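Counting with the UniProt record's numbering, you get residues 1 to 175 for the letters of the sequence shown.
Glycine residues also receive a C-beta, built at the ideal position from the N, C-alpha and C atoms.
Treat the numbers as computed from the prediction; the structure is a model and nothing was measured.
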Amino acid sequence: MTPHPRMPYVVTVDTGLRDLRAADHLLRTFAAELALAEGGFGCTHLVRGERPRVVVSLAPESRAELDEVRAWLVAEGYEVTGGTPDAVGRAVLYRGAGLLRGTMTVEEVLSVSAIDRVTVLGSAGQPRLDSPLVTCGHVRPQWQGGELVLAAMPAVGGTLVPFEVPEPTPCCADH
1 MTPHPRMPYV
11 VTVDTGLRDL
21 RAADHLLRTF
31 AAELALAEGG
41 FGCTHLVRGE
51 RPRVVVSLAP
61 ESRAELDEVR
71 AWLVAEGYEV
81 TGGTPDAVGR
91 AVLYRGAGLL
101 RGTMTVEEVL
111 SVSAIDRVTV
121 LGSAGQPRLD
131 SPLVTCGHVR
141 PQWQGGELVL
151 AAMPAVGGTL
161 VPFEVPEPTP
171 CCADH
């Protein structure tokens, strides 16, 4: 398991899930059942190899909360390991995630959430802080080099949208 600089207290749960939507739902269920503090993180991690799957990690703010999380998960029958499976998890639960609704400026996104940086696909520089970002209520930044980074892409009318959309079209859907 990989240590993470911004998440010193982490447990990972592998339930054999195969898709991100189910993993997102599981994380939200865990957060509700555990009444996790707003400052923690809940991430998904893709595991490749002979048995591809999605595992989830929970990173509460304190050691005491971590012990409570671990005890609850074990009591519920989950197999829990310490740390994260990698350093590039996709954040579902993070400070301010619930506030990222509608159209916001990049500056607003950075100020109300744990997101450290916004990048734009195909662009070498950072977006302007006053650039409008249409969230679609689905903002999933990823850890990159210890920073929580939201990948965005240009959209109609000079706006940006998160790269990950809430309802992706399955590959080869039109075949």
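Residue i by DSSP, collapsed to three states: which one?
i	result
glutamate 147	strand
arginine 6	coil
histidine 25	helix
valine 161	strand
valine 156	helix
arginine 53	strand
leucine 46	strand
Under 8 Å, Cβ to Cβ, is there at least one residue of chain D near residue i?
i	result
proline 127	Of the protein chains in this structure there is only one, and it is not chain D.
Candidates the options: which alpha carbon is nearest residue i's?
i	options	result
glutamate 38	Thr119, Ser62, Gly16	Ser62
serine 123	Trp72, Leu160, Val47, Thr29	Leu160
aspartate 14	Thr135, Pro85, Leu34	Pro85
histidine 138	Val88, Pro60, Arg101	Arg101
leucine 26	Thr44, Pro166, Gly40	Thr44
proline 8	Val149, Leu58, Arg51, Val120	Leu58
Does the beta carbon of residue i fall short of 7 Å from some heavy atom of the ligand ZN?
i	result
glycine 158	For the structure depicted, the ligand ZN is absent and the ligand set is empty, with no information on it obtainable.
In angstroms, rounded to a whole number, what distance separates the CA positions of residue i and residue j?
i	j	result
arginine 53	valine 11	17 Å
phenylalanine 163	alanine 151	6 Å
glutamate 79	arginine 140	25 Å
glutamate 65	threonine 81	16 Å
alanine 71	arginine 128	44 Å
proline 60	alanine 97	15 Å
valine 118	leucine 17	29 Å
alanine 87	arginine 6	10 Å
valine 106	proline 154	13 Å
threonine 103	glycine 157	12 Å
Practice task
Could you tell me whether the region 59–77 touches the region 105–116, using the rule of 3 or more Cβ pairs below 8 Å?
Solution key: no
Problem - 4-residue-minimum alpha helix (DSSP H) runs that sit fully inside the region 65–136, ordered along the chain - result: 106–112
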